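The numbering of the sequence shown is this note's numbering, which starts it at 981 and goes up by one. Note that beta-carbon positions come from the ideal geometry of N, C-alpha and C, so glycine has one too. From a predicted model like this one, the values you see are computed outputs, not experimental measurements.
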Amino acid sequence: MRKLTLIGLIAATLPGLAFAAPSPPPAMEAVHTSPLSLALPQDDEPKGDKVRMTVVQATLAPGESLPDNTRTALRYIYVKSGRLQVSNLVTGDRQDVEAGEFAVESAGQWHTGKAMGAEPAEVLLIEQAPADL
């Protein structure tokens, strides 16, 4: 009887051993959250649910500026290295953006960006627009 009890106990625990507990997910930490959200084109823009994304890589020498510009849709600026000051020429707001951070340029407002500090600013300019533009 003892053998049967022992065998039953072992048999009952084996299925649990075969399926180990799942490992915890990797630790992740948000390093930067933009104050604006990614958004699809609004109702007053051309219809369709597709968005065209264009990514341009640029390197600005220290003190060099991007040309004053305005866009019909949001533009995201990711700083890969260096520092960039993004200025909204309509509101006067300025944002200092360091390596690893994003800035967002609002649609329909004039902006510029300037490399700050002694090293070049390497940036990705990420533009979204309706796919049919």
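Unbroken beta strand (DSSP E) run spanning residue i, endpoints
| i | result |
| --- | --- |
| residue 1065 | 1063 to 1068 |
| residue 1072 | First-last for residue 1072: undefined, no H or E at that position. |
| residue 1092 | 1091 to 1096 |
Paired residues, beta bridge with residue i - DSSP
| i | result |
| --- | --- |
| residue 1104 | 1037 and 1058 |
| residue 1045 | 1094 |
| residue 1032 | 1109 |
| residue 1085 | 1055 |
| residue 1078 | 1063 |
Residues near residue i by beta carbon distance below 6 angstroms, same chain, minus five either side
| i | result |
| --- | --- |
| residue 1014 | Bear in mind that the predicted position of residue 1014 carries a pLDDT of just 49, short of 50, making it too unreliable to give a figure here. |
| residue 1051 | 1087 |
| residue 1106 | 1035 and 1056 |
| residue 1044 | 1095 |
Candidates the options: closest to residue i by CA position
| i | options | result |
| --- | --- | --- |
| residue 1070 | 1091, 1106, 1105 and 1040 | 1091 |
| residue 1059 | 1110, 1102, 1109 and 1111 | 1102 |
| residue 1046 | 1054, 1098 and 1037 | 1037 |
| residue 1089 | 1111, 1041 and 1048 | 1048 |
| residue 1109 | 1093, 1053 and 1061 | 1053 |
Sequence-distant residues of the same chain with beta carbon closer than 8 angstroms to residue i, five excluded per side
| i | result |
| --- | --- |
| residue 1074 | 1065, 1066, 1067 and 1068 |
| residue 1077 | 1057, 1059, 1063, 1064, 1065, 1066 and 1083 |
| residue 1111 | 1028, 1030, 1031 and 1032 |
Chain-order list of residues whose beta-carbon lies under 7 angstroms from that of residue i (same chain, five-residue window excluded)
| i | result |
| --- | --- |
| residue 987 | Because residue 987 sits at a pLDDT of 49, beneath the cut-off of 50, its placement in the model cannot be relied upon, and the following sentence gives the value as read from the coordinates. Contacts found: none. |
| residue 1100 | 1039, 1040, 1041, 1042 and 1062 |
| residue 1097 | 1042, 1062 and 1063 |
Is it true that the segment 1032 to 1043 meets the segment 1076 to 1085, where meeting means three or more beta-carbon pairs spaced less than 8 angstroms apart? no
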